[in-house]
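Student:
There are 2 protein chains.
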Amino acid sequence: MCAPSAAPPAATPAFDPAALRFDANGLIPAIAQDHATGEVLMLAWMNAESVARTLDTGRVTYWSRSRAAFWVKGESSGHVQRLVELRVDCDRDCLLVLVDQTGPACHTNRRSCFYTAVREGAEVEIMAPLE
Amino acid sequence: MCAPSAAPPAATPAFDPAALRFDANGLIPAIAQDHATGEVLMLAWMNAESVARTLDTGRVTYWSRSRAAFWVKGESSGHVQRLVELRVDCDRDCLLVLVDQTGPACHTNRRSCFYTAVREGAEVEIMAPLE
Numbered sequence: 001m002c003a004p005s006a007a008p009p010a011a012t013p014a015f016d017p018a019a020l021r022f023d024a025n026g027l028i029p030a031i032a033q034d035h036a037t038g039e040v041l042m043l044a045w046m047n048a049e050s051v052a053r054t055l056d057t058g059r060v061t062y063w064s065r066s067r068a069a070f071w072v073k074g075e076s077s078g079h080v081q082r083l084v085e086l087r088v089d090c091d092r093d094c095l096l097v098l099v100d101q102t103g104p105a106c107h108t109n110r111r112s113c114f115y116t117a118v119r120e121g122a123e124v125e126i127m128a129p130l131e
Numbered sequence: 001m002c003a004p005s006a007a008p009p010a011a012t013p014a015f016d017p018a019a020l021r022f023d024a025n026g027l028i029p030a031i032a033q034d035h036a037t038g039e040v041l042m043l044a045w046m047n048a049e050s051v052a053r054t055l056d057t058g059r060v061t062y063w064s065r066s067r068a069a070f071w072v073k074g075e076s077s078g079h080v081q082r083l084v085e086l087r088v089d090c091d092r093d094c095l096l097v098l099v100d101q102t103g104p105a106c107h108t109n110r111r112s113c114f115y116t117a118v119r120e121g122a123e124v125e126i127m128a129p130l131e
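Here the protein sequences come in this chain order: A and B. The first sequence runs 1 to 131 under UniProt numbering. The second sequence runs 1 to 131 under UniProt numbering.
(1) Spatial neighbours of B:L27 within its chain, please: CB distance less than 8 Å, with the 5 preceding and 5 following residues excluded, ordered by chain position.
(2) So B:L55 and B:Q101 are supposed to be a Cβ contact under 8 Å. How far apart are they, rounded?
(3) When the distance is taken between beta carbons, is B:R82 closer than 8 Å to residue 148 of chain B?
(4) Does any residue of chain B have a CB that is nearer than 8 Å to the CB of A:D100?
(5) How long is the line joining the alpha carbons of A:T37 and A:L43, rounded to whole angstroms?
(6) In the DSSP assignment, the alpha helix (DSSP H) including B:S50 goes from what residue to what residue?
(7) Looking at C-alpha atoms only, which residue of A:F114, A:G58, A:E75, A:L86 is the closest neighbour of residue 168 of chain A?
(8) What residues in the stretch 31-60 of chain B bring their beta carbon closer than 8 Å to a beta carbon of chain A?
(9) Could you check how far apart the C-beta atoms of A:G121 and B:F22 are, in whole angstroms? I think they sit under 8 Å.
(10) Measure from the alpha carbon of B:A32 to the alpha carbon of each residue in A:A128, A:E131, A:F114, then state which is nearest.
(11) Measure the alpha-carbon distance for A:A19 versus B:A117 and round it to whole angstroms.
(12) May I have the straight-line CA-CA distance separating A:G78 from B:R67, to the nearest angstrom?
(13) In the DSSP assignment, what residue or residues form a beta bridge with B:F70?
(14) Counting only C-beta atoms, is A:T69 closer than 8 Å to chain B at any point?
(15) Distance, Cα to Cα, A:A128 vs B:C90?
(16) Could you check how far apart the C-beta atoms of A:T12 and B:V124 are, in whole angstroms? I think they sit under 8 Å.
(17) Using the C-alpha atoms, what's the distance from B:G103 back to B:N109?
(18) Determine the extent of the beta strand (DSSP E) in which A:V124 is found, giving its start and end residues.
(19) Going along the stretch 101-118 of chain A in order, which residues come within less than 9 Å of chain B, judged by CB to CB distance?
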């Protein structure tokens, strides 16, 4: 008869936001990528609490360095990022956030912040603001 | 008859690596993305000179913070990144580098450094090392 205390299957390690590697300011860079198209939308910063809030709420929440405050993406603009999946890199010092982005991610009203390409030594705008 | 000194078309601004916004250590984060698949491969750091070298040579060249030295990606491993296009974000404080990646980008021999997902509070490995 099986003992009720039989060993469980090998557990996957629990994720602890505080165990990430933060910089001297307690921040970690987070890359937001459109989960459906693969487009890289933006890079912003998180602290341990904003990582936890992102996971808890499903709403991507950064730390605004300029305002020194939590920044629930889209809270004022409506251009929210719904969390699809959070990924951690090998060094635990960078995050990849797969998101469902409503409207533009960029404050310039473009879908992505990376709308300027360098071509033959010149800056070229490759993406127009959304209508 | 047209004057030979007729005004040229509106010029695109020349790109100057020194005009990017670097952090207190003179560095800017650079996201490497597979130009063909859209997969985000890694994030590393560049200084102005490594941005210039990347553009000049077509070989993606980071600044290694741990070694305090230029890091021509793949120079020792053979897992080079050929530059396809460099892009700058709206705040000029982050780069997106579209690359043609030979082999794995990650030192763990995985294609991408972002091989750990957080699912239901646990860390899950979603990508195996390449053979």
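Glycine residues also receive a C-beta, built at the ideal position from the N, C-alpha and C atoms.
Tutor: This is what the structure holds:
(1) W45, M46, N47, W63, R65
(2) Not really, about 18 Å apart at Cβ, beyond 8 Å.
(3) Since the first residue of chain B shown is 1 and the last is 131, residue 148 of chain B is not available in this structure.
(4) no
(5) 17 Å
(6) 48-57
(7) The requested residue 168 of chain A is not part of the displayed model; chain A covers only 1 to 131.
(8) I31, Q33, T37, G38, E39, V40, M42, L43, L55
(9) No, A:G121 and B:F22 are not in contact; Cβ-Cβ is about 20 Å, not under 8 Å.
(10) The option with the nearest alpha carbon to B:A32 is A:F114.
(11) 15 Å
(12) The alpha-carbon atoms of A:G78 and B:R67 are separated by roughly 43 Å.
(13) B:W63
(14) Reading off the sequence shown, one finds Ala at residue 69 of chain A, where the question assumed Thr. So no, A:A69 is outside the interface.
(15) 13 Å
(16) 6 Å
(17) 8 Å
(18) 122-125
(19) C106, H107, T108, R110, S112, C113, F114, Y115, T116, A117, V118
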